[in-house]
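**Q**
Chains as they are written, first to last, in our numbering: chain A, 1 to 167; chain B, 1001 to 1691.
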């Protein structure tokens, strides 16, 4: 923890290596979050890449050195939210890599396919919980909902998944 | 399967995902190499003479509402009656927007041609077949997906629309009233005369406070003396929860979610569990506050979306997912089972008070892509055991704006040929609900404050993301035909807040924090815009405050870096529309936000009493929440009258629904566990507490 705090301090002063070290810890989760939210590999890669650049440029604003992970996920989640909104405007249908991906064991890809059936919002809420480690209150703040609503939506989504899995 | 197991499985499924090469720390490091650091970027912007970043533009539009002489006749609106007479193909017409002409207010960049958007069903079989076709289509997508094809399924589209924005994003204030003579605060609502439910209410004598899982406490509030006189527990079983309440005179109304589980016999000897999710309206007579009496309860299928109360009528909106007719008892999916007598009792047709709606009360979209119904019901509080009227639309819904006469329901438009938002206008009079007309607008609606009805005309502001973000204001007549618009406003920025008053509209746009957009910033002028005012930061909520003043609540930002510097209160002088000014501002540093910005009902505001109260929060959990009250003085600006840390010690069951309110000279911080009283005449000194 102390070490991370150090990295943040150094990164704030423009130390690229320190920033890189912070990034290394979480980039896999950043990508997973983006993929599970957006469902498209290429877009997920793009938003993570944009997020990192944006974070690098803004890290001077980060006051609380312990909050790096939560902070960068907030930037990423805003980017994903915007991307989802853009999807609504697009006529092009992007490949759903999340449902199609069949690189691994059948069981895993089945869970993913079922997850891919959830709504944008449901995937978003669960991904924030799963990959960013946010609690319902923090998710609520990002989505402008109260925490009870977040919890009930999440629980509805999970029930929906169970139903799909049972099909 | 329990939730934790699902989480674990999901997590495991993600661990094996291959992370793209381009995101490895090495590759990203290379990308960063080429990036100027922030300090250098600022210099580049300044040198280039570009106005850097965050200009907030308050645009005042003189809204000219052309007089339209038309009537409803011949507009092709299907009423339940006409359809019942057999005119099954009558439809709610999609109004085609006027074709483009080159200049001025009527220029239309995106021609829409949609007709026959909604049709009242002729019979239950038609409703069932519509639902079945939606699920069959989804079913085929699902099969394709399992087969490995890359299909962005309609399933997802439908469902994302189904969830959409939170209901709480609706509505704002009308204050002041007199119960026992003293003035008291009322729930902040959007539209005068259109009441909205909340978790805390007062009538000037009693405080009513509810929470989701317990019920309502009724508390006699006499200054510092607080005494619980009764508790209402509307739950039938432990899974019930309470959403919101209304209090009007001697009537208290609760919106309650009930989950009932029945054992259904599917075939001989084969049973299944049927979870029926219902939202109920419970009406209590509280003329004796110590003995509330339940006078009536109505129920309807689905999950609570929102509600309104206008006079004696309560309007309830729920969202109901039809069962999947493609599902077989063994869990497999196939073509939908054909319609039969039992389809009615199997939940395919939405129920109100346990009875299926009449077919001609169910409106079907031409291109249904969802098995989700929006159900609308009205209840006369004088006869609270029955419904006045119910209608359903087989469509997902997103945001609701309710005027005194009409409900405007916004849904995302999924039609691939058009980027925009559909708005269905539903009229009501004395509880009778009639889908009336529909139209589409380019772009998306920020929140319910972006919609307004005045003098029979509907006004809406949107942000269109189809190219670069642009913003527009559109005016429709009573038949939802476009009469005028201004668009292409503030390119690159998006609407953050809006408020209408009479024939004036105000909205705030702001550019995203994305630094790329900063470079593209340019000024926009439009002949219809009376004035635009650039100030730092941006308002996420607007509220008229006294004569010719507009309060903005939002964030202060650094104009160069867009960094948020804290919560900001702005007072705009709107007396000279050609010359708006920000006359005062206050910036609360180290404040990350306010629950009032997440839910306007959490704002306590009364310009007569000159109080602006809200809870602030800090992302750093250590410093927690603070309830703050400001007054406003034209000379001194915003004056902080009260600041109280709000902790979980004070409110053990959570601080998220804590509200501030006042009755006469006493201010109360109200949560379900406790209420704290403060003396407004004595520097808000703590004077009492209810445990």
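A virtual CB, placed ideally from N, CA and C, is assigned to each residue, including glycine.
Could you list which residues in chain B have their beta carbon closer than 8 Å to that of residue 41/A, in chain order?
**A** Counting from 1 along the first chain, the entry for residue 41/A is found at position 41. Ordered by position in chain B, the residues that pass the 8 Å Cβ test against residue 41/A are 1020.
**Q** What do you get for residue 1385/B, buried or exposed, if any count of 16 or more other CB atoms within 10 angstroms of its CB means buried?
**A** Working through the second chain from its first residue, we reach residue 1385/B at position 385. Residue 1385/B is exposed by the Cβ-count criterion.
**Q** Is the Cβ of residue 85/A closer than 8 Å to any Cβ of chain B?
**A** Residue numbering aside, residue 85/A sits at position 85 when the first chain is read from its first letter. Yes - at least one Cβ of chain B is within 8 Å of the one on residue 85/A.
**Q** For the alpha helix (DSSP H) that contains residue 1020/B, what are its first and last residues?
**A** On the second chain, residue 1020/B is found 20 positions in, with the first residue counted as 1. Per DSSP, residue 1020/B lies in no alpha helix (DSSP H) and is assigned neither H nor E.
**Q** If we count the other Cβ atoms within 10 Å of its Cβ and call it buried at 16 or more, is residue 138/A buried or exposed?
**A** Along the first chain, read from residue 1 onward, the residue named residue 138/A stands at position 138. By the neighbour-count rule (16 or more Cβ atoms within 10 Å), residue 138/A is buried.
**Q** Give the secondary structure of residue 1389/B by DSSP, where H, G and I count as helix, E and B as strand, and everything else as coil.
**A** Taking the second chain and counting its residues from 1, one reaches residue 1389/B at position 389. Residue state, collapsed to three classes: strand.
**Q** Per the DSSP calculation, residue 1472/B is bridged to which residue(s)?
**A** Your numbering for residue 1472/B matches position 472 in the second chain. Partner(s): 1462/B.
**Q** Report all residues from its chain with a CB closer than 7 Å to the CB of residue 1651/B; omit the five preceding and five following residues, and keep chain order.
**A** Position 651 of the second chain, counted from the start, is the residue given in the question as residue 1651/B. Excluding sequence neighbours, residue 1651/B sits near 1658, 1671, 1673, 1674.
**Q** Excluding the five sequence neighbours on either side, which residues of its own chain have a C-beta within less than 6 Å of the C-beta of residue 115/A, listed in chain order?
**A** Numbered from its first residue, the first chain carries residue 115/A at position 115. Answer for residue 115/A: no residue qualifies.
**Q** Within its chain, find whatever has a CB closer than 6 Å to the CB of residue 1199/B; leave out the 5 residues flanking it on each side and keep chain order.
**A** The count along the second chain starts at 1 and reaches residue 1199/B at position 199. These residues qualify, in order along the chain: 1210, 1657.
**Q** By a C-beta neighbour count over all protein chains shown, 10 Å radius and 16 as the cutoff for buried, is residue 1365/B buried or exposed?
**A** Position 365 of the second chain, counting from 1, holds the residue named residue 1365/B. Burial call: buried.
**Q** Let me see if you follow: with CB-CB separation under 8 Å, is residue 28/A close to chain B or not?
**A** What you label residue 28/A is simply residue 28 of the first chain in a count that begins at 1. Closer than 8 Å: yes.
**Q** Is it the case that the Cβ atoms of residue 1509/B and residue 1536/B are separated by a distance below 8 Å?
**A** For the purposes of this step, residue 1509/B is identified with residue 509 of the second chain, where counting begins at 1. For the purposes of this step, residue 1536/B is identified with residue 536 of the second chain, where counting begins at 1. Judged by beta-carbon spacing, residue 1536/B lies beyond the 8 Å limit of residue 1509/B, meaning their Cβ atoms are not closer than that value.
**Q** Apart from the five residues just before and just after residue 1283/B, which ones in its own chain have a Cβ nearer than 7 Å to its Cβ?
**A** In the second chain, the residue the question calls residue 1283/B occupies position 283. Taken in chain order, the residues that qualify are 1251, 1253, 1295, 1296, 1381, 1384.
**Q** Over the uninterrupted alpha helix (DSSP H) stretch that includes residue 35/A, give me the two end residues.
**A** The sequence position of residue 35/A within the first chain is 35, counting from 1. Element bounds for residue 35/A: 16 to 38.
**Q** Bridge partners of residue 1255/B, per DSSP?
**A** Here residue 1255/B refers to the residue found at position 255 of the second chain. For residue 1255/B, the beta-bridge partners assigned by DSSP are 1244/B, 1281/B.
**Q** Excluding the 5 residues preceding and the 5 following residue 1136/B in the sequence, name in chain order all residues of the same chain whose CB lies nearer than 7 Å to its CB.
**A** Sequence index remark: in the second chain, residue 1136/B carries index 136 (1-based). So the qualifying residues of the chain are 1326, 1335, 1336.
**Q** In the DSSP assignment, what residue or residues form a beta bridge with residue 1695/B?
**A** For chain B, the structure presents residues 1001 to 1691; residue 1695/B sits outside this window and is missing.
**Q** Give the interface partners of residue 1507/B over in chain A, defined as CB-CB distance under 9 Å, in chain order.
**A** The count along the second chain starts at 1 and reaches residue 1507/B at position 507. The premise fails here: residue 1507/B is roughly 18 Å from chain A at the closest Cβ pair, so nothing lies under 9 Å.
**Q** Give a yes or no on whether 8 Å exceeds the smallest Cβ distance from residue 35/A to chain B.
**A** Sequence index remark: in the first chain, residue 35/A carries index 35 (1-based). Under the 8 Å criterion on CB atoms, residue 35/A is classed as interfacial with respect to chain B.
**Q** Have a look at residue 1287/B and residue 1666/B and give me their C-alpha separation to the nearest angstrom.
**A** Working through the second chain from its first residue, we reach residue 1287/B at position 287. Working through the second chain from its first residue, we reach residue 1666/B at position 666. Using only the alpha carbons, I get a separation of about 24 Å.
**Q** Are the beta-carbon atoms of residue 1480/B and residue 1437/B separated by less than 8 Å?
**A** Start at 1 with the first residue of the second chain, and residue 1480/B comes out as number 480. Start at 1 with the first residue of the second chain, and residue 1437/B comes out as number 437. Cβ distance < 8 Å, so residue 1480/B and residue 1437/B count as in contact.
**Q** Could you tell me whether the Cβ atoms of residue 1231/B and residue 1242/B are closer together than 8 Å?
**A** Translated into the one-based positions of the second chain, residue 1231/B becomes position 231. Translated into the one-based positions of the second chain, residue 1242/B becomes position 242. Cβ distance not < 8 Å, so residue 1231/B and residue 1242/B don't count as in contact.
**Q** What in chain A is Cβ-close to residue 1031/B, meaning under 8 Å?
**A** Locating residue 1031/B in the second chain gives position 31, counting from the first residue. Those within 8 Å of residue 1031/B in chain A are 49, 52, 53.
**Q** Could you give the DSSP three-state label for residue 137/A: helix, strand or coil?
**A** Position 137 of the first chain, counting from 1, holds the residue named residue 137/A. The answer is helix: DSSP assigns residue 137/A an H, G or I state.
**Q** Kindly indicate which residue of 1453/B, 1472/B, 1293/B has the alpha-carbon position closest to the one of residue 1285/B.
**A** Working through the second chain from its first residue, we reach residue 1285/B at position 285. Checked all of 1453/B, 1472/B, 1293/B; the closest Cα to residue 1285/B is 1293/B.
**Q** Is the shortest distance between the beta-carbon of residue 128/A and the beta-carbons of chain B less than 8 Å?
**A** Mapped onto the first chain, residue 128/A falls at position 128. By this cut-off, residue 128/A is not an interface position.
**Q** Do we get a CB-CB distance below 8 Å when we pair residue 115/A with the residues of chain B?
**A** If you number the first chain from 1, residue 115/A lands on position 115. For residue 115/A, the answer is yes, since a Cβ of chain B falls inside 8 Å of its Cβ.
**Q** Using only alpha-carbon positions, find the residue among 1625/B, 1572/B, 1305/B that is nearest to residue 1592/B.
**A** Taking the first residue of the second chain as position 1, residue 1592/B is located at position 592. A check of alpha carbon separations from residue 1592/B across 1625/B, 1572/B, 1305/B identifies 1625/B as the nearest.
**Q** Identify the contact partners of residue 1007/B in chain A, using a Cβ-Cβ distance below 7 Å as the criterion.
**A** Within the second chain, the letter at position 7 stands for residue 1007/B. Ordered by position in chain A, the residues that pass the 7 Å Cβ test against residue 1007/B are 130.
**Q** How is residue 1425/B classed by DSSP in three states: helix, strand or coil?
**A** Reading the second chain from its first residue, position 425 is the one you call residue 1425/B. For residue 1425/B, the three-state secondary structure derived from DSSP is strand.
**Q** Counting only beta-carbon atoms, is residue 1133/B nearer than 8 Å to chain A?
**A** As a first step, residue 1133/B must be located in the second chain, where it is residue number 133. Chain A contact via Cβ: absent.
**Q** Please classify residue 1182/B: does DSSP put it in a helix, a strand, or coil?
**A** The residue labelled residue 1182/B in the question sits at position 182 within the second chain. Three-state DSSP puts residue 1182/B in coil, outside helix and strand.
**Q** Is residue 69/A close to chain B, meaning its C-beta is less than 8 Å from at least one C-beta of that chain?
**A** Taking the first chain and counting its residues from 1, one reaches residue 69/A at position 69. Taking Cβ atoms only, chain B never reaches closer than 8 Å to residue 69/A, which makes this a no.
**Q** If you count every other CB in all the chains shown that lies within 10 Å of the CB of residue 1681/B, and 16 or more means buried, which is it?
**A** Numbered from its first residue, the second chain carries residue 1681/B at position 681. Result: exposed.
**Q** Counting only the same chain and skipping the five closest in sequence on each side, list residues whose C-beta sits under 6 Å from that of residue 1392/B.
**A** On the second chain, position 392 is the one that residue 1392/B refers to. Around residue 1392/B: 1350, 1357, 1362, 1373, 1375.
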